[in-house]
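Quick note, my numbering runs 191 ahead of the 1-based positions in the sequence shown. Cβ atoms here follow ideal geometry from the backbone N, Cα and C, with glycine treated the same way. This report concerns only the one structure given below.
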Amino acid sequence: MPRNAVPRTWNRMFPHVSSVAAGPDSTVYASSLGQGVYRIDDTGNWSPLDDNWPEDAMVNRLLVSRNVLTACTSKGLYIYVGERWEPTDVAIPVYRFRESESGRMLAATQYGIWCRTEDGWLSWAFPDSIVYDLLYLPQFIIAGCESGIAVYDRLTGDWSEFPLRTAVTGVAVFRGRLIGVSDRGQLIVGNKRGGFDIYRLDGLFMMGLIPKGREVYVCTDRGLFRLGLIRDSVTLLPVRLGFPVADADWIGDTIVVATLFRGIQSI
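Next up, the structure:
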């Protein structure tokens with residue numbers, strides 16, 4: 192099979208897929224709502240990855256980091272090694288895991304940001320706040336929090352907080368602008384004046400942002416969109432419409448899409 196090809200992986204037993212991640216060998220991993228994590232092989236067969244899986248855990252996000260499958264769950268942060276799940280020291284609800292090129296690890300959790308150190312995982316920032324998303328940049332770390340957006344300057348070691356009237360559940364950078372989505376389905380756009388503008392598009396609920404190279408994709412209840420610019424204004428360009436999209440990942444040039452009602456689709 193070509194590296195940029197994806198088999199038809201939709202399975203009627205698991206139409207509700209909340210997160211998807213692609214491995215280096217074109218294997219697809221998926222979490223079905225309330226059904227744990229599955230591996231999908233190149234023939235489209237689903238097999239459960241349930242050895243040592245935490246009972247009643249809900250998956251918030253799957254990802255493959257340095258070829259290791261990682262699950263952010265309601266029971267903590269888990270990694271899949273040796274064909275079984277291994278818990279980390281982070282045993283609280285985790286929403287996002289990030290690893291920098293240097294190997295530094297951060298987790299966005301129910302109780303702030305946790306950092307992996309030589310002494311293990313330790314609470315680092317905002318212990319009294321929910322942090323939903325993290326973005327690791329060369330100079331900055333950006334956090335989407337229940338109270339707004341926070342930016343950490345890695346050169347000065349200082350945090351700057353931008354309170355908003357909504358929780359920020361996803362963050363990204365697009366064409367030099369800081370972008371977010373809220374728990375109310377709104378689009379949040381940095382206005383280049385030290386603040387943010389919040390937009391609600393009629394009939395569209397935005398659920399997540401997925402950076403890919405210089406592009407940023409938007410998961411919505413009506414399909415997958417890509418951010419664009421028209422006369423310096425951020426706009427949404429349709430990629431695939433017709434069903435709610437919860438997550439996406441890439442195998443080569445093919446987009447593997449997790450949908451809430453139609454399983455996994457490929458674009």
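Residue pairing of Arg453 in beta bridges, as defined by DSSP: absent, with no partner found.
Unbroken alpha helix (DSSP H) runs of no fewer than 4 residues, entirely contained in the stretch 276–313, are not found.
In the three-state DSSP reduction, Trp441 falls in the strand class (E or B). Minimum Cα-Cα distance from Ser265 among the listed residues Val255, Arg257, Tyr302 corresponds to Tyr302. Rounded to the nearest angstrom, the Cβ distance from Leu253 to Tyr286 is 12 Å, too far for a contact under 8 Å. Within the same chain, and ignoring the five residues on either side of Ile333 in sequence, the residues whose Cβ sits closer than 6 Å to its Cβ are Leu326, Val342, Val362.
When C-beta atoms of the stretch 396–403 are compared with those of the stretch 411–420, three or more pairs fall below 8 Å, so the two segments count as touching.
The Cβ-Cβ distance between Gly339 and Val322 does not fall below 8 Å. Taking C-alpha positions only, Pro329 is separated from Asp233 by approximately 36 Å. A distance of 8 Å or more separates the beta carbons of Val250 and Asp440. For the pair Ala213 and Ile442, the CB atoms are nearer than the 8 Å cut-off.
Taking all protein chains shown into account, Pro429 has fewer than 16 neighbouring C-beta atoms within 10 Å of its C-beta and is therefore exposed. In the three-state scheme derived from DSSP, where H, G and I count as helix and E and B as strand, Arg391 is classed as coil.
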